[in-house]
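Below: one structure, written as structure tokens.
In our numbering, the protein residues as written are 1292 to 1596.
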């Protein structure tokens, strides 16, 4: 766990809990205790309701040390997030964090490609802003199947070599701050790449000359597997933020263990402590000898919460 100080348990006042369209919500917390500590990739555990035994894990989408705020993107999909949906401005919620490992934000890369799926955008949006502040050229590719784009969009002006999207849309804030964004959907939608975000990634890689970018990935497991395959084909280095079920959030229960390569073999690491951010080429996407199952998510970090 690459934290400069231990996680804290504290009560945070809710400053905003706004619907963003579909079942996505943006939650802003008055969290001065940790706003200056969190880094892209870290997550927090929230106590969604007194009737629930377990806290729920959520990636951090943004943090402002001066304002003392932390922002979370969450998807309403289970009991915990349904309680959260009812939270009102001025209420307080128990928070435990920051937790986990963070992305490596460094200017020593030849550009950065951030590939997100669904709520996996949250930590990557945070990372994009940090990388841009370091002078790194950043492109975000976002696979989104929600009927409504939860953030303002504009017609893209910033160029992206290799793309073949007619009149592409871009996220408005990122476009205005020099961060290239492109959207993908398996449904045919105006301004979107029609297909998987991993396919869009490969299309763009085919149009990039010179040094290849560093890859950062977060989203549903199937998407990350596909992106990992593309990365291997193109010999890309990168990091991935795992979308896995978590119970305790600090390594005590080992319920979030995932297999990773170790020398010629493999072993388990806990995605809440050694992860959730791990080198992309170290993750075994299926445990040897064990049949893969379907749902492996974190509802804001999680979609089964």
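Even for Gly, the Cβ is constructed at its ideal location relative to N, Cα and C.
Residue 1574 counts as buried, since at least 16 other C-beta atoms from the protein chains shown sit within 10 angstroms of its C-beta. The three-state secondary structure of residue 1554, taken from DSSP, is coil. Between the region 1559 to 1576 and the region 1396 to 1405, the count of Cβ pairs shorter than 8 angstroms is below three; the stretches do not touch. When DSSP assignments are scanned along the region 1308 to 1396, the uninterrupted stretches of alpha helix (DSSP H) that are 4 or more residues long and fall wholly within it turn out to be 1323 to 1326 and 1370 to 1376.
By the Cβ neighbour-count rule, residue 1308 is buried, with 16 or more other Cβ atoms within 10 Å of its own.
In the three-state reduction of the DSSP assignment, residue 1446 falls in the strand class. Relative to residue 1363, the option among 1477, 1436 and 1334 whose CA is nearest is 1334.
By the criterion of a C-beta distance shorter than 6 angstroms, residue 1375 is surrounded in its chain by 1339, once the five residues flanking it on both sides are discounted. DSSP places residue 1472 in the uninterrupted beta strand (DSSP E) bounded by 1471 to 1476.
Setting aside the 5 residues that flank it on each side, residue 1470 is surrounded in the same chain by 1419, 1423, 1429 and 1431, each with a C-beta closer than 7 angstroms to its C-beta; the list follows chain order. One thing to note: residue 1324 has its Cβ within 9 angstroms of the Cβ of residue 1299. Residue burial is scored here from C-beta neighbours: residue 1427 has at least 16 other C-beta atoms within 10 angstroms and is therefore classed as buried. Judged by their CB atoms, residue 1510 and residue 1566 are not nearer to each other than the 9 angstroms cut-off.
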